[in-house]
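Data block below; observations after.
Protein chains: 2
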Amino acid sequence: MKDEFICEENCPHMATVQKVKLEDMTRSSQKQLAEMFKLFSDETRLRIICSLLNTELCVCDLCALLELTQSNVSHQLQLLRNSKLVKYRKEGKQVYYSLEDEHVESIIKMALAHILEEKMK
Amino acid sequence: MKDEFICEENCPHMATVQKVKLEDMTRSSQKQLAEMFKLFSDETRLRIICSLLNTELCVCDLCALLELTQSNVSHQLQLLRNSKLVKYRKEGKQVYYSLEDEHVESIIKMALAHILEEKMK
DNA sequence: TCCTCACATGATTATTTGTTCATATATTCA
DNA sequence: TGAATATATGAACAAATAATCATGTGAGGA
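This is the structure in structure tokens:
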């Protein structure tokens with residue numbers, strides 16, 4: 001009873017996850033997957049992604065928050081934009097970035113759970 | 001009713017996932033996360049991981065199945081071993097590899113769900 | 001119109017990474 | 001013991017990548 005709620009709440013798109021049959025994975029979907037994981041595999045990029053988990057931020061917010069150069073942040077955001085992982089919204093001179101969808105959160109949570117359990121061993 | 005079962009069945013370690021608070025993520029756990037994603041970010045390594053999703057395999061099985069050189073496979077397995085993502089078991093001359101835990105499957109499923117939904121747009 | 005601010009982008013460089021080749025180790029079998 | 005097989009590993013190299021520097025673009029204010 002409680003479980004259903006928790007599941008819905010914290011693990012969105014479960015419906016799609018149910019449909020996923022890992023046995024049917026094609027070579028090309030593996031390639032896509034690898035490309036996606038590559039975006040998460042750089043610490044700087046991951047920090048940017050994590051900063052956007054709760055809120056949208058403009059480029060200079062990210063620079064200040066993460067102590068990175070503007071050029072560096074913009075380059076990383078370009079990669080994330082190209083892969084449709086983040087979206088943006090212009091407002092005057094500023095550009096506000098936010099995450100494209102909630103999968104990102106789910107994926108990070110799942111991976112973090114792995115690390116947590118690993119530690120407890 | 002059905003939902004609970006499906007959730008338990010396909011998304012193990014939900015209990016840990018519930019505990020994960022993304023806001024509390026430290027710099028060092030972000031680094032660990034990035035390192036983990038890096039292992040999934042190479043197509044060859046991901047193919048090896050995917051091959052091990054259902055069954056354990058020895059090195060030469062992997063070479064044959066994925067059409068890779070033995071040296072290449074062994075090097076990649078070394079990385080996966082060092083990060084405790086796979087475990088192994090020696091039997092005579094052969095060494096059988098398998099996945100260390102079920103998070104791997106959950107993470108891949110979640111990421112695949114993202115790609116699937118992306119396509120449907 | 002000119003200046004400033006926020007951001008994007010091209011070029012360059014240092015570093016990391018994936019693969020290959022050559023060789024080492026360890027187990028089985030004759 | 002010696003040969004054959006399965007796997008591991010070190011060195012070398014090419015390719016990919018992240019960060020930096022310099023510069024470009026475009027909006028807003030004086």
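Read top to bottom, the protein sequences are chains A and B. Every letter in the first sequence is one number past the one before it in my numbering, and letter 64, counting from 1, is 64. Every letter in the second sequence is one number past the one before it in my numbering, and letter 55, counting from 1, is 55. Note that CB positions come from ideal geometry on N, CA and C, so glycine has one too. Just so you know, these numbers come straight off a predicted model, no measurement behind them.
Unbroken alpha helix (DSSP H) run spanning residue i, endpoints
i: V104/B; result: 103–120
i: S51/A; result: 43–51
i: M25/A; result: Neither: M25/A is in no alpha helix (DSSP H) and is coded neither H nor E.
i: N54/A; result: Element bounds for N54/A: n/a, residue is neither H nor E.
i: A71/B; result: Residue identity differs from the one stated: residue 71/B is Ser in this sequence, not Ala. Element bounds for S71/B: 70–82.
i: L66/B; result: 59–66
First and last residue of the uninterrupted beta strand (DSSP E) at residue i
i: K93/A; result: Run containing K93/A: none; DSSP gives neither H nor E here.
Reference residue i; option with closest CA among the options
i: K90/A; options: K109/A, C58/A, D24/A; result: C58/A
i: L77/B; options: D24/B, L33/B, Q32/B, L46/B; result: L46/B
i: F40/A; options: L116/B, Q94/B, A111/B; result: A111/B
i: V104/A; options: E118/B, N54/B, K93/B; result: E118/B
Residue j beta carbon less than 9 Å from that of residue i
i: Y96/B; j: E56/B; result: yes
i: Q32/A; j: I115/B; result: yes
i: T44/B; j: A113/A; result: no
Cα-Cα separation between residue i and residue j, rounded to whole angstroms
i: I48/B; j: S106/B; result: 16 Å
i: V86/B; j: L99/B; result: 4 Å
i: V20/A; j: K109/B; result: 6 Å
i: M120/B; j: Q30/A; result: 18 Å
i: C50/B; j: K84/B; result: 16 Å
i: D61/B; j: V73/A; result: 43 Å
i: D24/A; j: Q70/B; result: 25 Å
i: L80/A; j: F37/A; result: 12 Å
i: E35/B; j: R27/B; result: 13 Å
i: A64/B; j: D101/B; result: 24 Å
i: L53/B; j: D42/B; result: 17 Å
i: K93/A; j: L22/A; result: 45 Å
i: H75/A; j: N82/A; result: 11 Å
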